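Residue numbers (the working numbering), protein chains in the order written: chain U, 1 to 340; chain S, 1 to 297; chain A, 1 to 130.
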Amino acid sequence: MIWLAWRQFRLPAAVAAGLLAALAAALAVTGPGIADAWTSGRAACAARGGDCATFAQEFFADHRGGYLTLVVLVLAVPGLIGLFWGAPLVARELEAGTHRLVWNQSVTRTRWLAVKLALVGAAAMAAAGLASLAVGWWSRPVDAAGAADLPRMDPVLFDARGLVPVAFAAFACALGVVAGMVARRTLAAMAVTLAGFALVQLAMPLLVRPHLLPPVVETVTVTRENLASFYAEGPDSPVRLDVKGPSGAWILANETVDAAGRVVPTVPLYLTSGPCSEGDAGGPTAECVGRVGELGFRQRLTYHPAERFWPLQWAEAGVYAALTAGLAGFAFWWLRRRVS
Amino acid sequence: MSAPVLRAEGLGRRYGRRWALRDCDLDVPAGHVVGLVGPNGAGKTTLLSVAAGQLAPTTGTVSVLGRAPAASPAHLGRVAFVAQDTPTYASLTVAEHLTLGARLNPRWDAATAADRIARVGLDPSAKAGRLSGGQRAQLALTLGIAKRPDLLILDEPVAALDPLACREFHQGLMEAVADLGMSVLLSSHLVSDLERTCDYVVVLVDSRVQVAGEVEDLLATHHRLTGPRRDGARLPSDQHVVAASHTGRQSTFVVRTREPVLDPAWRVSGLDLEDLVLSYMSAGARDAARPVLEVRR
Amino acid sequence: MIEFHLDTRSGVPPYQQIVRQVRHALRLGLVKEGDRLPTVKEVVGTLAVNPNTVLKAYRELEHEGLVAARPGLGTFVTATLADASLAAHGPLREELRRWLAKARLAGLDDESIEALFHATFQAASREASA
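Set out below in structure tokens:
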């Protein structure tokens, strides 16, 4: 059975291996140059005693295009696997009628599906893992340069790093297989898989990940140092403000609360009159910011700190693993009960 | 050779609200080439799929070679099934199909397989997707035979074949039966496909079994009676009327009886298998078309 | 070696057709004592008939003492039907030819001749068996 599963999977596997090799080659050629530029640039700015933050910003801006393309690529790998490996795996057999040939060899259907799923699932995880590793290696200098603007806890980066791509690939593969078994048409299965992939890709950071671990809630006094933004929507509008979160954290909420602890959208201060009518290059005056505290307003931050990266990765990988196991279980049940 | 190849009791299969097969009772002994005949849509494929373990029955029980269909890998190995339209993997070569058979079947007979492929003139390096219908059928038959099954099930194997390919297919099949002594269960909507090859027939019309038995026995117990017009109800009780037709003065009956027909008014003649099957088919179709008057609750 | 053929429209059971073809060949001296009949596999391979049909025909021939099966070797002819009657074939054929010429002179076409022959033949054999 392993022979047959491999024989059928040979071509898609070769195509994927070719694409991965091309990616790896491109990364291997360009990666060292970027790493050198980063190291030497840092050394130069440190020697000058200058501001390395500016260099980092410029470096990040210079490589932003390629960097984000690679992030999107890693995000897309699980989807491509689900579409081109998962969906046709069983649907193609049902479409061509070959399931009626293979189910009559001396191999039970359960074993047939188990071998196919194991082979393609393992390949899917390996492919996603390799892509994520290679891109991660290439991106290290850019990651470091962009840590302030785009920390790895950011939803865009989080899905493209670490364990999650591997687990997501397994899930997308199982999703494709189940869609194929139920739809019995490769094309329909691919459409369903694509829709499911996009849905999960959105739902995970928006609805699920924030709650995987209880977020840290912190209420801080607004100071000139921690103020991130301080603006009004018009000359007569009250002021809105945000504060800076801890470095590298994933900020879920940045809310102003009044003395009673209620969330308020604005603070009754105006940029046209009163203590906040004047400011300097560093933002509002100390008196203005002090007034915010005197009026009883403080800022409440809800966030996952940077050091939760790996716990959250494990938790999310666990969620995908559970979903994958559920889909696989359903696939076996459906195979025995409904498909014929 | 003791357990019946196929035994069914009250077997039925429903798709949604439509019964594809119902009240099916069969007891087919081993060592026969069994022809399953009936019009298209009569439930032949359903019955064969259930027997091959591809489909679970809705009601009743079925056993194949004494066990539930597809009960275990070992049991799967004893039954070969060549599905309708003889599916094969289009992208695999003939030789790779044989490898598939060898890898997936512990009783695989590589010599028989290679020999058959050579004799029917298949190129081992040809992709199955490029074979003609007849060649594909031969490949599927080879896969079934080389598995060394005790029962070979074939669903409409020759429906899509031209007469020459059909003849070659039957020749190959009968050679294998002579060689390996397996039982065969094959279906067709044409009696002529099965006339020479089958020694046992099951006639299936409108999801029900109309008659089943050894061909020789059926031919010996069915007679066509022709004579002056008469009501079928007035025939002796041992004569079961299968089909009746009347003209102004003449009646023709096809009856089944184990007793000799003694009434001198009748001209008695035998039937060939095709006549016999067609009598049952038209009787079954008439029953199906008759409006049902039973009260439904 | 003898080669069988089947006429499915004749109404004669296939095994009977095989039996008759063997007898016919024996009668005409086409097969002789010691000749091997084709194996069951060879027959089904050309006729596409059920092996049981051939087995049944061979069993019947064996029962009649015309052939014998030697395990592992095949089925061999052990008797002949040609000896005495073969000599009589010539004169009988001559007579039949003369009769056919007479029938044509009387205006019978092929079909009528065949019908007349069959009817007479059947009536005669019925009388003989009665």
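Ideal placement from N, C-alpha and C gives every residue a C-beta, glycine not left out.
All values derive from a computational prediction rather than experimental measurement.
- The C-alpha of S:Asp263 lies about 18 angstroms from the C-alpha of S:Ala220.
- DSSP places U:Gly245 in the coil class of the three-state scheme, outside both helix and strand.
- In the structure shown, the three-state DSSP call for S:Glu214 is strand.
- S:Glu175: member of the alpha helix (DSSP H) spanning 163–180, first to last residue.
- Sequence-distant partners of S:Arg224 (beyond 5 residues in either direction) whose C-beta falls short of 6 angstroms from its own C-beta, in its chain, are Val254, Ser269, Leu271.
- Contacts with chain A at 9 angstroms (Cβ-Cβ) include S:Ala178.
- U:Glu307 carries a helical assignment under DSSP once its states are collapsed to helix, strand and coil.
- Every beta strand (DSSP E) stretch that sits fully inside the segment 40–92 of chain A and reaches 3 residues is listed by chain position as 67–70, 74–77.
- Remark: three or more beta-carbon pairs, one from each stretch, lie closer than 8 angstroms, so the segment 2–17 of chain U and the segment 100–112 of chain S are flagged as touching.
- Counting along the chain, no beta strand (DSSP E) covers U:Gly234, and no H or E run does either.
- Per the DSSP secondary-structure output, U:Gly33 pairs with nothing in a beta bridge.
- Within chain A, no residue has its CB atom less than 7 angstroms from the CB of S:Val28, the nearest being about 15 angstroms off.
- When CB distances to chain U are screened at a threshold of 9 angstroms, the residues of the segment 79–93 of chain S falling below it are Val79, Ala80, Phe81, Val82, Ala83, Gln84, Asp85, Thr86, Pro87, Thr88, Tyr89, Ala90, Ser91, Leu92, in chain order.
- DSSP places U:Ile2 in the helix class (H, G or I) of the three-state scheme.
- With distances taken between CA atoms, U:Glu218 lies nearest to U:Arg300 out of U:Leu80, U:Arg300, U:Leu327.
- Take U:Leu312, set aside five residues on each side of it, and the residues of its chain with a beta-carbon closer than 7 angstroms to its own are Arg209, Leu212, Leu213, His304, in chain order.
- Ranking S:His170, S:Leu218, S:Ala160 by CA distance to the CA of S:Ser132 puts S:Ala160 first.
- Ranked by Cα distance from U:Gly121, the first of U:Pro268, U:Leu327, U:Arg337, U:Leu335 is U:Leu327.
- For the options U:Ala232, U:Asn254, U:Trp103, U:Ala26, the alpha carbon positioned closest to that of U:Trp138 is the one of U:Ala26.
- Spatial neighbours of S:Gly60 in its own chain (CB-CB distance under 6 angstroms, excluding positions within 5 residues in sequence) are listed in chain order as Glu9, Gly10, Leu11, Gly12.
- A Cβ-Cβ distance of about 5 angstroms is found for the pair U:Leu323 and U:Phe171, placing them in contact under the 8 angstroms criterion.
- Using a C-beta cut-off of 8 angstroms, the segment 222–237 of chain S makes no contact with the segment 64–84 of chain S, since fewer than three inter-stretch Cβ pairs fall below that distance.
- For S:Leu194, same chain residues with a beta-carbon under 6 angstroms away, outside a window of 5 residues either side, are Gly35, Ser188 in chain order.
- Rounded to the nearest whole angstrom, the C-alpha separation of S:Leu122 and S:His170 is 17 angstroms.
- Uninterrupted alpha helix (DSSP H) stretches at least 4 residues long and entirely within the segment 54–104 of chain U occur at 87–96, 99–102, given in chain order.
- Annotated as distal: S:Ala176 and S:Leu154, with beta-carbon spacing of 9 angstroms or more.
- Secondary structure note for S:Val254: it is in no alpha helix (DSSP H), and the uninterrupted beta strand (DSSP E) holding it is 250–256.
- Sequence-distant Cβ neighbours of A:Glu60 in its own chain, meaning closer than 8 angstroms and more than five residues away, are Tyr15, Val19.
- Contacts with chain U at 9 angstroms (Cβ-Cβ) do not include S:Lys44.
- Contact note: U:Leu101 reaches chain S through Ala83, Pro87, Thr88, Tyr89, Ala140, Leu143, using a C-beta cutoff of 8 angstroms and chain order.
- Just so you know, the alpha carbons of A:Phe4 and A:Gln21 end up roughly 7 angstroms apart.
- With respect to chain S, the C-beta atom of A:Thr8 has a partner C-beta closer than 9 angstroms.
- Nearest to U:Leu175 by alpha-carbon distance, out of U:Arg161, U:Leu163, U:Ala114, U:Met190, is U:Met190.
- Contact check between the segment 206–216 of chain S and the segment 18–37 of chain S: three or more CB pairs, one atom from each, fall below 8 angstroms, which counts as touching.
- Identification of chain U residues near S:Thr58 by a Cβ-Cβ cut-off of 7 angstroms yields none; the smallest Cβ-Cβ distance measures about 12 angstroms.
- If you check the CB distance, U:Leu295 and U:Ala260 do not come in under 9 angstroms.
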